[in-house]
Amino acid sequence: MPTATPHITPAKAEILARLQKEILPLQGLGSAVHASSVDLSLGPISASLPNGQLATGAVHEFISHTREDQSAGIGFMSTLMAPLMRETGTGLWISNNRKLFPPALKFYGIDPDRWIFIDVTSQKDIAWAIDESLKCAAVSVVVGELPDLAFAASRRLQLSVEKSQVTAFLQRYQPKFLNTTACVTRWKVKALPGEIMDDLPGVGTAQWEVELLKVRNGRPGKWQVGWMEDRLFFTDTQHLEPEEIILKSA
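Sequence positions in the sequence shown follow our numbering and run 1216 to 1465.
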């Protein structure tokens, strides 16, 4: 026999919403309130995020297994970073084998002159540089390229950004294993064929399959996303159940 859904009055709904906002900071998502002042124009993706916003002052990780998907991930990641740096923001990009062509950031509305690119020689140095950079409140965004991230290290990074309110994006290319981390979100972005507009020659608009694998206090999902005329557009959406991930020992 089906169970009747309890009726929630507007007054109760308001109380529940207020309680959720009070609970989020206790779970390391106090920055979600701060994020409400930054319009990322994420369309249907917003429905999967806590309070409908991507948390700032948090750590977000992006998984990729091929160079094409790594480029796609950096492209989508750039659309998220641009609004965070629109006024006077400064960014740090830390890697030991940087493939990024800085002028390409202009395509996503990001001024490459406001970035400091730090090229180091080892993964250990990358981890140290990211950790130290996230303690600097004068920085808006930190991007770190490193394949593997232990839970203890991710927790240390998350504690740092909760104090400094810096937003971190970790590009994990070909990780050895997908372990549990303290990152607020985990994304996987795949490259899709570009859409040719009006039968014009060229490679077409940038398009990606964006999958939100994990989000704290949110809902995983998958979307087909494109970038054109300085904005995201969505061609297809569907909701997913959380994936079962088999953990391998290091």
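Beta carbons: idealized from backbone N, C-alpha and C, even for Gly.
Could you pull out every unbroken alpha helix (DSSP H) segment of at least 4 residues lying fully inside the region 1366-1401, listed in chain order? DSSP runs (the alpha helix (DSSP H)) wholly in the region 1366-1401: 1366-1379.
Count the other C-beta atoms from every protein chain shown that fall within 10 angstroms of the C-beta of C1398, then say buried if there are 16 or more, exposed otherwise. That one is buried.
Neighbourhood of Q1389 by C-beta distance below 7 Å, restricted to the same chain and skipping five residues each side: Cβ neighbours of Q1389 beyond the five flanking positions: H1280 and P1362.
Roughly how many whole angstroms lie between the Cα atoms of E1424 and V1357? Straight through space, the alpha carbons of V1357 and E1424 are spaced by roughly 24 Å.
Comparing alpha-carbon positions, which option in R1329, N1312, D1328 and A1352 lies nearest I1341? Distances from the alpha-carbon of I1341 to those of R1329, N1312, D1328 and A1352 put N1312 closest.
For S1261, does the three-state DSSP call read helix, strand or coil? Under the three-state reduction of DSSP output, S1261 falls in the helix class.
Looking at C-beta atoms only, is the number of pairs between the region 1343-1354 and the region 1319-1327 that lie closer than 8 Å three or more? Too few Cβ pairs lie closer than 8 Å, so no.
Smallest Cα separation from E1283: which of K1314, T1224, S1310 and Q1373? Checking every option, the nearest Cα to that of E1283 belongs to K1314.
When the distance is taken between beta carbons, is A1297 closer than 8 Å to V1376? Taking C-beta atoms as the reference points, V1376 and A1297 fail to come closer than 8 Å.
When we look at the beta-carbon of Q1373 and count the other beta-carbons within 10 Å, is it buried (16 or more) or exposed? Its Cβ being crowded by 16 or more others within 10 Å, Q1373 is buried.
For K1403, list the residues DSSP reports as bridge partners. Its beta-bridge partners are I1278 and E1426.
Which residue from K1429, A1270 and S1286 puts its Cα closest to that of N1394? Its Cα nearest to that of N1394, the residue K1429 stands out among K1429, A1270 and S1286.
In the region 1268-1339, which residue ranges form an unbroken beta strand (DSSP E) of at least 3 residues, counting only runs that do not cross its ends? Segments of the beta strand (DSSP E) lying fully in the region 1268-1339: 1274-1279, 1306-1310 and 1330-1334.
Using 8 Å for Cβ pairs, my map puts F1449 next to W1442. What's the rounded Cβ distance? Not quite, the Cβ-Cβ distance comes to about 11 Å (not below 8 Å), so this is no contact.
How many angstroms separate the CA atom of W1330 from the CA atom of V1440? C-alpha separation (whole angstroms): 26 Å.
Could you compute how far the alpha carbon of E1426 sits from the alpha carbon of P1435? Roughly 8 Å between the two C-alpha positions.
Residues bridged to L1447 (per DSSP): Paired residues: W1442.
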